[in-house]
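Asker: My structure is below; once you've seen it, I'll send some questions.
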Amino acid sequence: MIAGAPSAKDAVSPDRPVILRLLLLLASLHLLASCVHAPKSPTVKEPFWSLNRFSERRIANHLRTAASAWDIWKNSANSASKRDKAEADYERAVASILDEWNSRKLPRDWQLKSRFEGSGSSFQIQLLPPPGSPQEVSPLVLDRLRLAKNVPVRKSRDVTEAGIGIPVVGEVSYSPIMAQQYPLMPLNGGHLTLTALIVFDPKPEDSKAPRQAHLHLYNPLRQPTLKIGQRTIALEANYSAAKKLALDNNFLRRFSLIGALFPEKTIADSKLYRLEIHDPQRIPVTFVHGVLSDPHIWYPCINAIYADPVLRANYQPWYFLYPTGMAVPNTARRLRESLKEAREKLDPDHNDPGMDQMVLVGHSMGGLLSRIQSIDSGEDFWKAYFKRPPAELNLTEASRERLTQSLIFTKEPDIKRLIFIAVPQRGSAVADKGIIYRLSTLIRLPIDSLFLVKEIISGNSDALNPQIRDWGIFAFLSSGTLSPKHPYFTALNSKPIPIPHHSIIGRVGNKPLLESSDRVVPYSSSHLSTGTEKIVPCWHGCVEDQVVIDEVLKRLHEHLKALGRE
595 MIAGAPSAKD
605 AVSPDRPVIL
615 RLLLLLASLH
625 LLASCVHAPK
635 SPTVKEPFWS
645 LNRFSERRIA
655 NHLRTAASAW
665 DIWKNSANSA
675 SKRDKAEADY
685 ERAVASILDE
695 WNSRKLPRDW
705 QLKSRFEGSG
715 SSFQIQLLPP
725 PGSPQEVSPL
735 VLDRLRLAKN
745 VPVRKSRDVT
755 EAGIGIPVVG
765 EVSYSPIMAQ
775 QYPLMPLNGG
785 HLTLTALIVF
795 DPKPEDSKAP
805 RQAHLHLYNP
815 LRQPTLKIGQ
825 RTIALEANYS
835 AAKKLALDNN
845 FLRRFSLIGA
855 LFPEKTIADS
865 KLYRLEIHDP
875 QRIPVTFVHG
885 VLSDPHIWYP
895 CINAIYADPV
905 LRANYQPWYF
915 LYPTGMAVPN
925 TARRLRESLK
935 EAREKLDPDH
945 NDPGMDQMVL
955 VGHSMGGLLS
965 RIQSIDSGED
975 FWKAYFKRPP
985 AELNLTEASR
995 ERLTQSLIFT
1005 KEPDIKRLIF
1015 IAVPQRGSAV
1025 ADKGIIYRLS
1035 TLIRLPIDSL
1045 FLVKEIISGN
1055 SDALNPQIRD
1065 WGIFAFLSSG
1075 TLSPKHPYFT
1085 ALNSKPIPIP
1095 HHSIIGRVGN
1105 KPLLESSDRV
1115 VPYSSSHLST
1125 GTEKIVPCWH
1135 GCVEDQVVID
1145 EVLKRLHEHL
1155 KALGRE
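Position one of the sequence shown corresponds to residue 595 (this note's numbering), numbered consecutively onward.
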């Protein structure tokens, strides 16, 4: 029996048949590991029906309707009721134009100057925005243009702003080439919040010449209003549709189980991803999920940020995707490296004010990964594992370097605030249960990680901390590094958190606070003697609860006030 590790007796419970069935299921998955793959980035198919003269004529007819309505709406001499009706007619026509055009030809294949001939009317649409304009996106970089109203969003979560234009989602498919051009691009592609507007030039004097029109895809996050003539008009916007497509879908959900049991399949995808075009003024707020989870859980909270005009004007949400079967030190290193890489790629000159004030929001194990970014390790984390210094271990140089980077590190200076949600700051006894130990034996580590662990166990067992010497591979998995018995927590809690931090702690049942828990993490583990603390009547998986979201928003406002931005 492994000393200090959980025993098989811990697995005996009234739910034993259920546990055995779960073990059987997971064992079957383990045997089928060769068939398990990381989710593949979705692609956009070419339209079944191509653009033809009939669809071009329909588009021309819609353009005629839109142009006529535009002329009435733009003329301030017309009555308010007449202009309101014209605005509604204009928006219906523009929506029909975009829907028809996109369904027949992918935006990336549209022509710079597209001409449409209809019955008694002719139009030429110009596509490109002004060179270098951060307020607009060219349709030619998009693989699909989707009307926001066609994205199924629960009404209570639909965040919109009234104004002129058609809210759309601009979709860009992921590829290694696109990821090089647009750093931190999500694996399921980019989903951009845009507002479409077709601006018409005056009618040409030559009746045979086409009337010129300009298709603009504005980014309402960067340009919420538009000056037309002497008037400043708000752009209509839908901030929920793009986030729904980016986060709340089956693509990200598939990483949960695969990342927990087969880290080798998803380790290459472990990095930061952003949801919008980078804005140097807005502060990145990075969301870090927990064990057996994935970034889709953050959709309600991120959507709530966009529902708040002050927060969406000051923050840009990112998320960290990682395989949750990996040990905390290893994954914390990957987050640290990804934060550095993001800064170098998005702000190589280090002069973006938003990047200097980053906020991390972590749930469960994700909170531990976030906390580690704020502290200097010294030698404490190394000594939690080893009795001898790095140079005296029997390791290859590559393994020694990797191990050292995971256990000896300095804080990330750009991280200025932490928000913890149900975080096991001192571990969780759930990790010590026999069932968890048995499940951990099914985890398939990446080859380099497995090689490193075997090097440590086979050639350096006498150098290991006696507390974990007999744990075997369990000491180097996420489940092991979540055990309260792991000396890693002694090192972690010896380091004061040097930046503002906030704990949101779940409480289920009627036990006294000091004896309570969220059914996974006890209060005694989540509680910190520093920072603020909010007790919520929720279980461990509480990130979608409104009371938790409200507390996150409160602390984001607090961050802005401390910076003098609110």
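Quick reminder that beta carbons are idealized off the backbone N, C-alpha and C, glycines included.
Just to confirm before moving on: does the CB-CB distance between Ala898 and Ser958 stay below 8 angstroms?
Answerer: Residue numbering aside, residue 898 sits at position 304 when the sequence shown is read from its first letter. Residue numbering aside, residue 958 sits at position 364 when the sequence shown is read from its first letter. Not closer than 8 angstroms, so no.
Asker: Evaluate Arg1038 with the Cβ neighbour count: other Cβ atoms within 10 Å of its Cβ, from every protein chain shown; 16 or more gives buried, anything less gives exposed.
Answerer: If you number the sequence shown from 1, residue 1038 lands on position 444. Counting Cβ neighbours within 10 Å, Arg1038 comes out buried, since at least 16 surround it.
Asker: Applying the criterion that 16 or more other CB atoms from any shown protein chain within 10 Å of the CB defines a buried residue, is Arg1149 buried or exposed?
Answerer: The count along the sequence shown starts at 1 and reaches residue 1149 at position 555. Arg1149 comes out buried.
Asker: Please classify Ile896 as buried or exposed, where buried requires at least 16 other C-beta atoms within 10 Å of its C-beta.
Answerer: To locate residue 896, count along the sequence shown from 1; it is residue 302. Buried.
Asker: Using a 10 Å radius around the Cβ and a threshold of 16 neighbouring Cβ atoms, would you call Val1141 buried or exposed?
Answerer: As a first step, residue 1141 is located in the sequence shown; it is residue number 547 there, counting from the start. Exposed.
Asker: In terms of alpha-carbon separation, which member of Gln729, Gly1021, Ile877 lies closest to Ala1085?
Answerer: What you label residue 1085 is simply residue 491 of the sequence shown in a count that begins at 1. Nearest option by C-alpha distance: Gly1021.
Asker: I need the straight-line Cα distance from Pro984 to Thr998, nearest angstrom please.
Answerer: Position 390 of the sequence shown, counted from the first residue, corresponds to residue 984. Position 404 of the sequence shown, counted from the first residue, corresponds to residue 998. Straight-line Cα distance between these residues: approximately 7 angstroms.
Asker: What did DSSP end up calling Pro761 once you bin it into helix, strand or coil?
Answerer: Sequence index remark: in the sequence shown, residue 761 carries index 167 (1-based). Three-state result, Pro761: strand.
Asker: Does the distance from the CB of Glu765 to the CB of Arg738 come in under 8 angstroms?
Answerer: For the purposes of this step, residue 765 is taken as residue 171 along the sequence shown, with counting starting at 1. For the purposes of this step, residue 738 is taken as residue 144 along the sequence shown, with counting starting at 1. Result yes, Cβ atoms of Glu765 and Arg738 sit closer than 8 angstroms.
Asker: Go through the stretch 1069–1137 residue by residue and report every complete run of the alpha helix (DSSP H) that reaches 4 residues or more, in order.
Answerer: Runs of the alpha helix (DSSP H) inside the stretch 1069–1137: 1082–1087, 1117–1120.
Asker: Is Pro984 helix, strand or coil when you go by DSSP?
Answerer: Translated into positions along the sequence shown, residue 984 becomes position 390. DSSP places Pro984 in helix when its eight states are reduced to three.
Asker: Exposed or buried, which one is Ala836 when buried takes at least 16 other CB atoms within 10 Å?
Answerer: As a working mapping, residue 836 is identified with position 242 in the sequence shown. So Ala836 ends up on the buried side.
Asker: Inspect the CB distances between the stretch 952–969 and the stretch 876–883 and report whether three or more fall short of 8 angstroms.
Answerer: Yes, the stretch 952–969 is in contact with the stretch 876–883.
Asker: Opposite Thr880 in the DSSP bridges: which residues?
Answerer: Residue mapping note: residue 880 aligns to position 286 of the sequence shown, counting from 1. Per DSSP, Trp912, Leu954.
Asker: Pull up the distance between the alpha-carbon of Arg677 and that of Glu830, whole angstroms please.
Answerer: Numbered from its first residue, the sequence shown carries residue 677 at position 83. Numbered from its first residue, the sequence shown carries residue 830 at position 236. Going from the Cα of Arg677 to the Cα of Glu830 covers about 16 angstroms.
Asker: What residues match up with Phe794 in a beta bridge as DSSP calls it?
Answerer: As a working note, residue 794 is residue 200 in the sequence shown. In DSSP, Phe794 forms a bridge with Ala807.
Asker: Return the bridge partner residues of Ser732 from the DSSP annotation.
Answerer: For the purposes of this step, residue 732 is taken as residue 138 along the sequence shown, with counting starting at 1. Ser732 pairs with nothing; no bridge assigned.
Asker: Which class does Asn832 belong to by DSSP, given the choice of helix, strand or coil?
Answerer: Locating residue 832 in the sequence shown gives position 238, counting from the first residue. Note: Asn832 maps to strand in three-state DSSP.
Asker: Give me the Cα-Cα distance between Asp1112 and Lys1079, rounded to the nearest whole angstrom.
Answerer: As a first step, residue 1112 is located in the sequence shown; it is residue number 518 there, counting from the start. As a first step, residue 1079 is located in the sequence shown; it is residue number 485 there, counting from the start. Roughly 20 angstroms separates the two Cα atoms.
Asker: Can you tell me whether Gly1158 is buried or exposed? The criterion is at least 16 other CB atoms within 10 Å of its CB, across all chains shown.
Answerer: Along the sequence shown, one-based indexing puts residue 1158 at 564. Its Cβ having fewer than 16 others within 10 Å, Gly1158 is exposed.
Asker: Closest by CA to Ile758, which one among Arg1063, Leu929, Asn1104, Val688?
Answerer: Looking up residue 758 in the sequence shown gives position 164. Nearest option by C-alpha distance: Val688.
Asker: Tell me the rounded alpha-carbon separation between Lys802 and Ser716.
Answerer: To locate residue 802, count along the sequence shown from 1; it is residue 208. To locate residue 716, count along the sequence shown from 1; it is residue 122. Straight-line Cα distance between these residues: approximately 8 angstroms.
Asker: Grouping DSSP H, G and I as helix and E and B as strand, with all else coil, what is Ser715?
Answerer: By one-based count along the sequence shown, residue 715 stands at place 121. DSSP places Ser715 in strand when its eight states are reduced to three.
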